[in-house]
Structure formats: C-alpha cells, structure tokens
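**Q**
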Amino acid sequence: MGDNMKWKVLLENETGVEIVKMDEIIEKAFLVTILHQKIKFFGEVSVVIVRNDEMQEINNTHRGKNTTTDVLSFPQYEPQEIVNIPSDDYIVLGDIVLNIEKVQEQADEYSHSITREIGFLVVHSTLHLLGYDHETGHKDENEMFFIQEEILTQMGITRGAV
0 MGDNMKWKVL
10 LENETGVEIV
20 KMDEIIEKAF
30 LVTILHQKIK
40 FFGEVSVVIV
50 RNDEMQEINN
60 THRGKNTTTD
70 VLSFPQYEPQ
80 EIVNIPSDDY
90 IVLGDIVLNI
100 EKVQEQADEY
110 SHSITREIGF
120 LVVHSTLHLL
130 GYDHETGHKD
140 ENEMFFIQEE
150 ILTQMGITRG
160 AV
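Going by numbering that gives the first Met the number 0, the residue at position 105 of the sequence shown is 104; the numbering climbs one at a time, nothing skipped.
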C-alpha cells in the first residue's frame with residue numbers, strides 16, 4: 000500500500016472483546032478513507048474500543064449528552080486547517096472512540112455483518128476527523144454519506160455483506 004505506511008493506527012481495546020480481524024478492518028477502513036480523500040500529509044490516529052458505560056461517560060463529559068453512542072470522533076484540527084497542512088507534515092489527526100456493544104447491536108439491527116458496522120463507523124469517524132460534519136452542515140450530509148458508501152463499496156463491504 001506504499002504511502003499508507005506513513006500512517007499509524009494506534010489501537011487500544013479496553014473491552015476484552017475480541018472480534019475476528021477487527022484490527023485489520025479498522026486499519027483498512029481508515030487507510031482507504033485517507034487514500035480516497037487524497038490526503039497528502041501523514042501521521043497517526045488513535046482508535047479506542049470501549050463498552051456502553053464508558054462511551055456514555057465520554058459522551059456526557061465531552062458533548063453533554065448522558066447517553067451512550069456508537070462512535071465519537073475527536074479531531075485535532077478545524078476543517079479549514081486540514082486543507083492547509085503541508086504534505087511533509089507528520090500530524091496526530093485525532094481520536095476515534097468505538098463502542099463495541101453498539102457495533103454488535105447495530106449489526107443485528109441493520110441485518111449486516113459486524114465487519115460492515117465497524118467499517119462504516121471507522122470511515123464515518125475518519126471523515127469527521129478530516130473536516131466533514133453532517134450535524135453542522137460544514138460539508139453537506141448527503142455528500143458525506145455518498146462518500147462513505149463509495150469507500151465501503153471500494154473495500155468490498157456492502158450493505159448485504161455478511
């Protein structure tokens with residue numbers, strides 16, 4: 000994958016839950032998103048796997064929402080800063096917190112694989128780290144969801160994937 004080696008995915012699983020190839024799915028989803036978006040700089044991203052209770056605490060602390068959620072993204076840069084990062088810079092892009100219990104629950108709810116759910120959430124979060132935000136309208140929600148599907152299809156992870 001050539002230039003992808005310039006990226007490090009620092010993964011920390013705090014749950015004890017092991018899902019087959021989870022590390023590979025997370026890394027691939029992140030790297031394919033970076034490639035798709037033609038990012039020229041390089042660096043690292045942190046991905047932390049947690050359970051419902053810890054995610055609820057993080058969501059409450061950082062967003063004032065006392066509920067659990069599936070994934071949270073903590074970008075280190077504002078959207079306007081991302082476009083101005085020089086190609087030879089090594090940066091810490093941000094943090095992704097993934098709730099493994101929600102992953103399993105949503106995979107069942109949407110009748111698709113855990114691979115699809117992990118892939119979707121990592122792609123979604125990576126796009127947030129790169130400046131997309133469907134909640135504020137910074138970049139159009141439809142554009143973000145179109146790009147997500149394009150990346151997942153490129154990865155071979157379609158809605159019907161098992």
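Built from N, CA and C at the ideal position, the CB exists for glycine as well.
Since we're looking at a predicted model, the values are computed, not measured.
Which residues in the same chain as F119 place their Cβ atom closer than 7 Å to its Cβ, once the five residues preceding and following it in sequence are excluded?
**A** Q147, L151
**Q** Are the CB atoms of L34 and L92 nearer to each other than 7 Å?
**A** no
**Q** Whole-angstrom Cβ separation of V70 and V96, contact assumed at under 8 Å?
**A** Rounded, the Cβ-Cβ distance is 7 Å, consistent with contact.
**Q** Can you look up N51 in the DSSP assignment and give me helix, strand or coil?
**A** It is helical.
**Q** Compute the distance between the beta-carbons of N51 and T67, then report whether it is under 7 Å.
**A** yes
**Q** Quick test of your reading: I18 and I113, contact by CB under 8 Å. State the CB separation rounded to the nearest angstrom.
**A** 6 Å
**Q** In whole angstroms, what separates the C-alpha of F41 from that of I84?
**A** 10 Å
**Q** What number of angstroms, rounded off, separates the C-alpha of V121 from the C-alpha of V49?
**A** 14 Å
**Q** Could you check which residue in N141, E116, E140 has the C-alpha nearest to that of G155?
**A** E116
**Q** Would you mind reading off the limits of the beta strand (DSSP E) that contains I90?
**A** 89-98
**Q** Taking its Cβ as the centre, do 16 or more other Cβ atoms sit within 10 Å of L166, making it buried, or is it exposed?
**A** Absent from the model: residue 166. The displayed extent of the chain is 0 to 161, so no value can be given.
**Q** Starting from S124 and walking both ways along the beta strand (DSSP E), at which residues does that stretch end?
**A** No beta strand (DSSP E) contains S124, which is instead part of the alpha helix (DSSP H) from 113-128.
**Q** To the nearest angstrom, report how far apart K64 and E53 are at their CA atoms.
**A** 13 Å
**Q** Which value, in whole angstroms, describes the spacing of the CA atoms of I57 and E77?
**A** 21 Å
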